[in-house]
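*Asks:* Input: one structure, supplied below.
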Amino acid sequence: MPGIKLSEKTIGIIQQICSDFRNEGSELINVLHQTQGKLGYLPAEVQEVIAKELNISVAKVYGVVTFYSFFTMIPMGEHPISICMGTACYVRGSEQVLAEFKRQLSIEVGQSTPDNKFSLNCLRCVGACGLAPVVMVGDKVYGRVSPQMVKNIISEYKEGCASEAKSA
Amino acid sequence: MTISYQLKRVDFIFKNENDWEDVLSKSISRTPQELINELISSELKGRGGAGFPTGLKWKLSSEEGDDTKYVICNADEGEPGTFKDREILSRVPFKVLTSMAVCGHVIGAKEGYIYLRGEYFFLQPELNKAISEFEYYCKEINLDFKIRIFMGSGAYICGEETALFESMEGKRGEPRNKPPYPSSYGYMGKPTVINNVETLAHTFTIFKYGAKRFYDLGVQYSRGSKLFSVSGDTPKPGIYELELGMSLADFVDEFGDGDTKAVQVGGASGFLVPRKRFNETAIGFQGKLTGISLPTGGSMMLFNSSRSMFNVLDNYLEFFREESCGQCTPCRVGCQQLLSGIKAVKRGEKNAQYLDKLMRLAETMQYTAKCGLGQSVANSFSSIVENFREEMIY
Ligand SMILES: Cc1cc2nc3c(=O)[nH]c(=O)nc-3n(C[C@H](O)[C@H](O)[C@H](O)COP(=O)(O)O)c2cc1C
Ligand code: SF4
Ligand code: FES
Numbered sequence: 000m001p002g003i004k005l006s007e008k009t010i011g012i013i014q015q016i017c018s019d020f021r022n023e024g025s026e027l028i029n030v031l032h033q034t035q036g037k038l039g040y041l042p043a044e045v046q047e048v049i050a051k052e053l054n055i056s057v058a059k060v061y062g063v064v065t066f067y068s069f070f071t072m073i074p075m076g077e078h079p080i081s082i083c084m085g086t087a088c089y090v091r092g093s094e095q096v097l098a099e100f101k102r103q104l105s106i107e108v109g110q111s112t113p114d115n116k117f118s119l120n121c122l123r124c125v126g127a128c129g130l131a132p133v134v135m136v137g138d139k140v141y142g143r144v145s146p147q148m149v150k151n152i153i154s155e156y157k158e159g160c161a162s163e164a165k166s167a
Numbered sequence: 000m001t002i003s004y005q006l007k008r009v010d011f012i013f014k015n016e017n018d019w020e021d022v023l024s025k026s027i028s029r030t031p032q033e034l035i036n037e038l039i040s041s042e043l044k045g046r047g048g049a050g051f052p053t054g055l056k057w058k059l060s061s062e063e064g065d066d067t068k069y070v071i072c073n074a075d076e077g078e079p080g081t082f083k084d085r086e087i088l089s090r091v092p093f094k095v096l097t098s099m100a101v102c103g104h105v106i107g108a109k110e111g112y113i114y115l116r117g118e119y120f121f122l123q124p125e126l127n128k129a130i131s132e133f134e135y136y137c138k139e140i141n142l143d144f145k146i147r148i149f150m151g152s153g154a155y156i157c158g159e160e161t162a163l164f165e166s167m168e169g170k171r172g173e174p175r176n177k178p179p180y181p182s183s184y185g186y187m188g189k190p191t192v193i194n195n196v197e198t199l200a201h202t203f204t205i206f207k208y209g210a211k212r213f214y215d216l217g218v219q220y221s222r223g224s225k226l227f228s229v230s231g232d233t234p235k236p237g238i239y240e241l242e243l244g245m246s247l248a249d250f251v252d253e254f255g256d257g258d259t260k261a262v263q264v265g266g267a268s269g270f271l272v273p274r275k276r277f278n279e280t281a282i283g284f285q286g287k288l289t290g291i292s293l294p295t296g297g298s299m300m301l302f303n304s305s306r307s308m309f310n311v312l313d314n315y316l317e318f319f320r321e322e323s324c325g326q327c328t329p330c331r332v333g334c335q336q337l338l339s340g341i342k343a344v345k346r347g348e349k350n351a352q353y354l355d356k357l358m359r360l361a362e363t364m365q366y367t368a369k370c371g372l373g374q375s376v377a378n379s380f381s382s383i384v385e386n387f388r389e390e391m392i393y
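Residue numbers (numbering that gives the first Met the number 0), protein chains in the order written: chain A, 0 to 167; chain B, 0 to 393.
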């Protein structure tokens with residue numbers, strides 16, 4: 000990955016978050032949550048700033064970022080698509096749904112489309128097993144999704160305005 | 000042998016919580032000893048999976064001489080197929096908050112945390128509102144107790160209590176060695192009581208009505224009621240509060256679709272029970288009941304004859320391989336080997352006897368893995384392979 004040069008402004012944002020948490024190393028996870036919330040992802044350069052501010056090693060920051068699945072080092076798409084791979088969804092065909100998303104978007108799990116509109120991820124059981132198989136686009140939940148429905152779901156977001164989605 | 004307990008619907012957990020202020024002020028006017036005795040005589044056991052007696056847990060922490068102690072509510076709800084804790088926190092949050100404060104009174108803690116599963120971020124605003132209202136009342140009655148939410152970050156292993164502490168301390172969620180146990184060495188190395196959301200909802204019932212009302216439900220070793228998250232091939236998926244001790248046969252009569260071939264009790268770390276054993280299986284904690292009985296966090300997943308048990312096992316192993324923290328070798332390598340092993344048998348690259356080797360590997364993990372994750376892989380692995388061997392091969 001080519002190196003990123005952080006702007007002064009971005010560095011300022013990160014420093015502010017760290018000081019909100021009293022620059023304490025034990026608040027690392029809260030700091031990471033806030034930072035990812037603001038910047039969208041946590042590339043190595045951002046981790047270096049955090050390490051310096053909290054006075055801990057970059058290795059420790061990296062170790063935590065890579066341990067938890069919520070933290071991502073690559074930018075997510077504007078509409079992150081997540082497919083539940085929990086047991087109830089899996090036995091009801093979420094794998095075929097995933098395959099269809101991959102085919103339609105021409106990306107793999109963990110990637111974003113070139114225009115950065117969509118990214119694709121797998122989730123653990125989200126506790127909506129009664130609606131299996133379950134797909135989430137952003138915060139919206141789609142239940143009983145079949146491969147045939149995939150095209151329609153994507154097109155809802157392609158037009159730019161998301162129409163009313165079925166919620167759980 | 001057939002056991003039959005009528006399936007009894009119970010309504011304690013979601014019953015109104017309007018009188019929480021009353022329950023709180025009455026409870027804290029009682030001595031810690033009285034409250035502990037009440038809990039012990041109710042025989043309530045933890046609802047987070049391990050089934051440790053709650054009264055004893057509080058007692059152990061109360062006996063520690065430290066000035067700083069913590070109460071933690073485990074809302075990491077990771078067991079696949081479970082969604083009961085989310086419902087409790089959104090429908091009756093004050094029961095949980097009240098119990099946390101009463102626990103603080105019993106053990107001498109002034110701070111409580113709710114470790115909330117990352118995927119449940121949407122619960123946070125409402126829960127924070129409830130906490131503010133709660134703390135306001137605490138101030139009014141001169142009770143010094145604060146509650147904070149800590150958000151999880153998407154790691155199943157952080158539901159394990161010591162991994163949860165590590166995570167709260169800003170580290171990778173890797174389980175610690177036990178002993179020392181949380182009651183003496185928990186969050187920040189301080190004595191800590193950690194309880195599941197549902198456990199705390201039950202303690203509210205016990206403080207409100209007294210131990211007897213709770214004890215009268217259920218059977219020996221498994222008292223009271225429990226929430227079950229029912230999913231899979233069922234016409235009525237959802238959450239149900241049922242009396243413990245019911246036979247699986249009665250359960251399937253009620254929730255099956257008429258074609259149930261097996262039920263997975265307790266999620267990926269639980270057991271698969273095939274149809275021929277429905278009658279002799281009781282749902283409760285391990286004790287000497289007739290037939291076998293199962294500990295459970297409450298996930299009940301039904302499978303009908305159209306489902307491939309190979310796919311189910313494949314999915315569980317994939318889950319464990321992904322969620323293993325990688326700290327100890329039996330679990331890190333064992334999960335990978337079990338997964339690639341069953342695939343090799345399925346493809347015909349290994350013969351059927353190889354399954355027996357894999358069963359021995361799973362058993363070894365049970366004894367050598369460091370925490371409950373690696374130790375419980377054998378539960379689902381062996382119960383599925385033993386009962387559906389032909390589906391693994393062909
Ligand atoms: C891998 C693993 C995951 C766990 N996940 C949870 C969980 O999500 N929620 C929970 O309450 N307990 C979970 N537990 C059990 C906790 O370690 C602990 O026993 C429990 O929170 C104690 O509360 P209780 O006595 O009220 O059940 C898990 C245990 C293991 C080994
Ligand atoms: S058993 Fe698995 S999850 Fe538990 S400590 Fe070992 S590697 Fe980590
Ligand atoms: S398995 Fe997909 S929501 Fe539970």
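For each residue, glycine too, the CB sits at the ideal point set by N, CA and C.
Using a beta-carbon distance cut-off of less than 7 angstroms, what residues from the region 71–98 of chain A approach chain B?
*Replies:* The region 71–98 of chain A vs chain B, Cβ under 7 angstroms: G85, T86, A87, Y89, V90.
*Asks:* Please report the distance separating the alpha-carbon of A:F20 from that of B:D313.
*Replies:* Cα-Cα distance, rounded: 42 angstroms.
*Asks:* List the DSSP bridge partners of A:M135.
*Replies:* According to DSSP, A:M135 bridges with A:S81, A:V140.
*Asks:* Excluding the 5 residues flanking B:K189 on each side, which residues of the same chain have their C-beta closer than 8 angstroms to its C-beta?
*Replies:* These residues qualify, in order along the chain: D65, T67, K68, Y69.
*Asks:* Can you have a look at B:S224 and say buried or exposed, based on whether 16 or more other CB atoms are within 10 angstroms of its CB?
*Replies:* Counting Cβ neighbours within 10 Å, B:S224 comes out buried, since at least 16 surround it.
*Asks:* Check the Cβ of B:T81 against every Cβ in chain A and list those closer than 8 angstroms, keeping chain order.
*Replies:* Going along chain A in sequence order, the residues near B:T81 (Cβ under 8 angstroms) are C124, G126.
*Asks:* Taking only heavy atoms of ligand 2 into account, decide whether any of them is closer than 7 angstroms to the Cβ of B:S323.
*Replies:* Yes.
*Asks:* Could you tell me whether the Cβ atoms of A:L119 and A:Q110 are closer together than 8 angstroms?
*Replies:* For A:L119 and A:Q110, yes; Cβs fall inside 8 angstroms.
*Asks:* In terms of DSSP beta bridges, what is B:I146 paired with?
*Replies:* Per DSSP, B:G111.
*Asks:* Residue ranges of each beta strand (DSSP E) run of no fewer than 3 residues wholly in the region 278–338 of chain B, ordered along the chain?
*Replies:* Taking only runs of at least 3 residues, the beta strand (DSSP E) segments lying wholly in the region 278–338 of chain B are 280–282, 291–293, 298–303.
*Asks:* What is the residue span of the beta strand (DSSP E) that B:E42 lies within?
*Replies:* Element bounds for B:E42: n/a, residue is neither H nor E.
*Asks:* Going along chain B in order, which residues have a C-beta closer than 9 angstroms to the C-beta of A:S25?
*Replies:* Under the 9 angstroms cutoff, chain B gives M167, E168, G169, K170, M187.
*Asks:* Please determine, among B:A267, B:F284, B:V262, the residue with the shortest C-alpha to C-alpha distance to B:K275.
*Replies:* The candidate whose alpha carbon is nearest that of B:K275 is B:V262.
*Asks:* Taking C-beta pairs closer than 7 angstroms, name the residues in chain B that A:G129 reaches, listed in chain order.
*Replies:* Residues of chain B passing the Cβ test: S230, P236, G237.
*Asks:* Please report how far the alpha carbon of B:T202 lies from the alpha carbon of B:L38, in whole angstroms.
*Replies:* For B:T202 and B:L38, the distance between alpha carbons rounds to 7 angstroms.
*Asks:* Strictly by DSSP, which residues pair up with A:F117?
*Replies:* Looking at the DSSP assignment, A:F117 forms a beta bridge with A:H78.
*Asks:* Give the straight-line distance between the Cα atoms of B:K109 and B:T191, rounded to the nearest whole angstrom.
*Replies:* Cα to Cα, B:K109 sits roughly 11 angstroms from B:T191.
*Asks:* With a 10 Å radius around its C-beta and 16 neighbouring C-beta atoms as the bar for buried, classify A:Y141 as buried or exposed.
*Replies:* So A:Y141 ends up on the buried side.
*Asks:* Would you call A:F100 buried or exposed, if buried means 16 or more other Cβ atoms sit within 10 Å of its Cβ?
*Replies:* Under this definition A:F100 is a buried residue.
*Asks:* Should B:G169 be listed as close to ligand 2, given that the test is whether its C-beta is under 7 angstroms from any heavy atom?
*Replies:* No, ligand 2 has no heavy atom inside 7 angstroms of this Cβ.
*Asks:* Quick check: the Cα distance between B:E317 and B:L338, rounded to an integer number of angstroms?
*Replies:* Taking the straight line from one Cα to the other gives about 7 angstroms.
*Asks:* Say yes only if the C-beta of A:V125 is nearer than 7 angstroms to one or more non-hydrogen atoms of ligand 3, and no if none qualify.
*Replies:* Under cutoff, so the answer is yes.
*Asks:* Pick out the complete alpha helix (DSSP H) segments inside the region 6–86 of chain A, 4 residues or longer, and give them in chain order.
*Replies:* Counting whole runs of 4 or more residues, the region 6–86 of chain A contains the alpha helix (DSSP H) stretches 7–19, 27–38, 43–53, 57–66.
*Asks:* Report the neighbours of B:N310 on chain A: residues whose CB is nearer than 8 angstroms to its CB, in chain order.
*Replies:* Result: Y89, V90.
*Asks:* So does A:G85 have its beta carbon nearer than 7 angstroms to some heavy atom of ligand 3?
*Replies:* Yes, the beta carbon of A:G85 sits closer than 7 angstroms to at least one heavy atom of ligand 3.
*Asks:* Would you please verify whether the beta carbon of A:S56 is less than 8 angstroms from any beta carbon of chain B?
*Replies:* For A:S56, the answer is no, since every Cβ of chain B falls outside 8 angstroms of its Cβ.
*Asks:* Does DSSP put B:F270 in a helix, in a strand, or in coil?
*Replies:* In the structure shown, B:F270 sits in a strand (DSSP, three-state: E or B).
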